[in-house]
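Take a look at the structure below.
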Amino acid sequence: MPHLDELKSAIKERLPELDFVIGWGRGFDPIHATPLFMRTEADVDKLEWGPLNVHNTATYLPSLRGKKVGVVVKGCDSRSVVQLMQENLIDREDLVIFGMPCTGVVDLTKIKNAVGDLGMVRDVQISGDTITVTAGGKEHALALADVLNNKCTVCQYHNAVLSDVFVGEPIEPSVPEDQVYADILEFEEQTPAERMAFWESQMNRCIRCYACRNACPMCVCRDHCVAQSRDPNWLSQRHDVGEKMMFQLIHAMHLAGRCTECGECERACPVDIPLVRLKKKINKEIKELFDYQAGIDPEATPPLLAFKVEEQNIREREW
Numbered sequence: 005m006p007h008l009d010e011l012k013s014a015i016k017e018r019l020p021e022l023d024f025v026i027g028w029g030r031g032f033d034p035i036h037a038t039p040l041f042m043r044t045e046a047d048v049d050k051l052e053w054g055p056l057n058v059h060n061t062a063t064y065l066p067s068l069r070g071k072k073v074g075v076v077v078k079g080c081d082s083r084s085v086v087q088l089m090q091e092n093l094i095d096r097e098d099l100v101i102f103g104m105p106c107t108g109v110v111d112l113t114k115i116k117n118a119v120g121d122l123g124m125v126r127d128v129q130i131s132g133d134t135i136t137v138t139a140g141g142k143e144h145a146l147a148l149a150d151v152l153n154n155k156c157t158v159c160q161y162h163n164a165v166l167s168d169v170f171v172g173e174p175i176e177p178s179v180p181e182d183q184v185y186a187d188i189l190e191f192e193e194q195t196p197a198e199r200m201a202f203w204e205s206q207m208n209r210c211i212r213c214y215a216c217r218n219a220c221p222m223c224v225c226r227d228h229c230v231a232q233s234r235d236p237n238w239l240s241q242r243h244d245v246g247e248k249m250m251f252q253l254i255h256a257m258h259l260a261g262r263c264t265e266c267g268e269c270e271r272a273c274p275v276d277i278p279l280v281r282l283k284k285k286i287n288k289e290i291k292e293l294f295d296y297q298a299g300i301d302p303e304a305t306p307p308l309l310a311f312k313v314e315e316q317n318i319r320e321r322e323w
């Protein structure tokens, strides 16, 4: 990466005033990155940037309140940072935000479908628009566009929406804004029965591991989660579609006006349930009703944290 050295230098310059900086480093094999907590300059030298940096670094911030922390962000990560600030879950003065333009991150499930068992990966090389994966003794040259995470194919925020240090040239969106919810509009054309059948088939595969909740940067009440609450007892531990559906719908509604569509819930799901679709549907409604998108403007008030006697686009008296 041409600007990675510049980013490392910027982090090293600010490191003495911080407890640590969160970024990404190489994981247990060439195809997996891992969150990296940089406390020394030697740690900073391990920093990586590229399409393998799938984790949302903002997820860690609420649990680190009171510490002086630096965080390296992609565009979607920065939206989560802004949303956490809007809800007073993190303190801006304790945070140094480092950003670089992002052209998208891979979907490891798509790579797995193309090359087979990821446990057999021995090397990964990224050059231009191609990612070459050596697995099982074979080289697989894949177009990055074919293995990008779905969220990245319609991304409108390739650059950090808020940063103290931004390295590199900003990138303009390559997809028109009216295409962001094209998949939701297509899904809405199905009948209610068809949509219910789809979600029942998806939820039937859920193993209730709660990885979706744990990976979500906006799920900050895990210690009081309805999934485990016994007083009141919102959900049982029965292994049936109804209970699974209830949890996911509660999760989605708790994120109404808050979800930044970072895709961590879907990435973390071990059975590949398309959970982002639920959140995008609600985000679409929030956009139409309140003209609001989560995590864009640090000075804005999320619509469900405000009260008006009558909303401009919700005219109850005319119902």
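Position one of the sequence shown corresponds to residue 5 (this note's numbering), numbered consecutively onward. Backbone N, C-alpha and C define an ideal beta-carbon position, used for all residues, glycine too.
As assigned by DSSP and simplified to three states, the class of V25: strand
CA-to-CA distance, Q297 to E265, given in whole angstroms: 10 Å
Simplified DSSP assignment, three categories, for I211: coil
Exposure label - V313; buried when at least 16 CB within 10 Å: exposed
Three-state secondary structure (DSSP) of G74: strand
Length at least 3, wholly inside the region 77-122: the beta strand (DSSP E) runs in chain order: 99-103
C-beta contact flag for D127 and P34 at 8 Å: yes
R242 - partner residues in DSSP beta bridges: In DSSP, R242 forms no bridge with anything.
Pairwise C-alpha distance: L282 and S205: 14 Å
Alpha-carbon spacing of L56 relative to L122, whole angstroms: 13 Å
Residues sharing a beta bridge with T134, DSSP: S131 and A147
W28 to V109 span [Cα, whole Å]: 13 Å
Neighbourhood of V85 by C-beta distance below 8 Å, restricted to the same chain and skipping five residues each side: A62, L65, V75, V77, I94, L99, I101, L166 and G299
Beta-carbon proximity check, P221 vs N92, cutoff 8 Å: no
Selection from I286, H255, L189 and R209 that minimises the alpha carbon distance to H353: No statement about residue 353 is possible, as the shown extent of the chain runs from 5 to 323 and does not include it.
Segment contact flag, the region 276-296 with the region 178-198, C-beta cutoff 8 Å, min 3 pairs: yes
Nearest neighbour of V48, chosen from I26, G31 and V58 [CA to CA]: I26
Local Cβ density within 10 Å of S240, reported as buried at 16 or more and exposed below that: exposed
Those residues which DSSP pairs with L152 across a bridge: V110
L51, DSSP secondary structure in three states: coil
Sequence-distant residues of its chain with Cβ nearer than 7 Å to F32 (five each side left out): none
Beta-carbon gap between L308 and A260 smaller than 8 Å: yes
Outcome for W323 when other beta-carbon atoms lying within 10 angstroms are tallied against a minimum of 16: exposed
L2 versus L293: straight-line alpha-carbon distance, rounded: There is simply no residue 2 to check, as the chain begins at 5 and stops at 323 in what is shown.
Those residues which DSSP pairs with A14 across a bridge: DSSP lists no partner for A14.
Terminal residues of the alpha helix (DSSP H) in which F294 lies: V280 to F294
Nearest-angstrom beta carbon gap, F170 and G70 [assumed within contact, 8 Å]: Their Cβ separation, rounded to whole angstroms, is 26 Å, which puts G70 and F170 out of contact at 8 Å.
Simplified DSSP assignment, three categories, for T38: strand
I188, DSSP secondary structure in three states: helix
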